[in-house]
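S.K.: Numbering (this note's numbering), first residue to last: 279 to 325.
What follows is a single structure, and I will ask about it in a moment.
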């Protein structure tokens, strides 16, 4: 299977857009971990 490089480059996001998306995903992941930690701390205090 061959790739049409012109199509690939035309549809690719700009590097700064990709970086922003990566940062947003990392921050969302960190927030999820913070929620898990908070939940575990509540359980520990209740026990």
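Heads up, the beta-carbon is just placed ideally off N, CA and C, and yes, glycines get one too.
Note that the structure is predicted; figures quoted are calculated from it, not measured.
1. Leaving out five residues before and five after residue 312 in sequence, what residues of the same chain have Cβ atoms less than 8 Å from its Cβ?
2. Roughly how many whole angstroms lie between the Cα atoms of residue 301 and residue 291?
3. Quick check: what's the CA-CA separation for residue 325 versus residue 318?
4. What does the alpha-carbon distance come out to for the pair residue 303 and residue 293?
M.R.: Taking the structure as given:
1. Correct list: empty, nothing qualifies.
2. One C-alpha to the other measures close to 15 Å.
3. In this structure, the straight-line span from the alpha carbon of residue 325 to that of residue 318 is close to 11 Å.
4. Straight-line Cα distance between these residues: approximately 15 Å.
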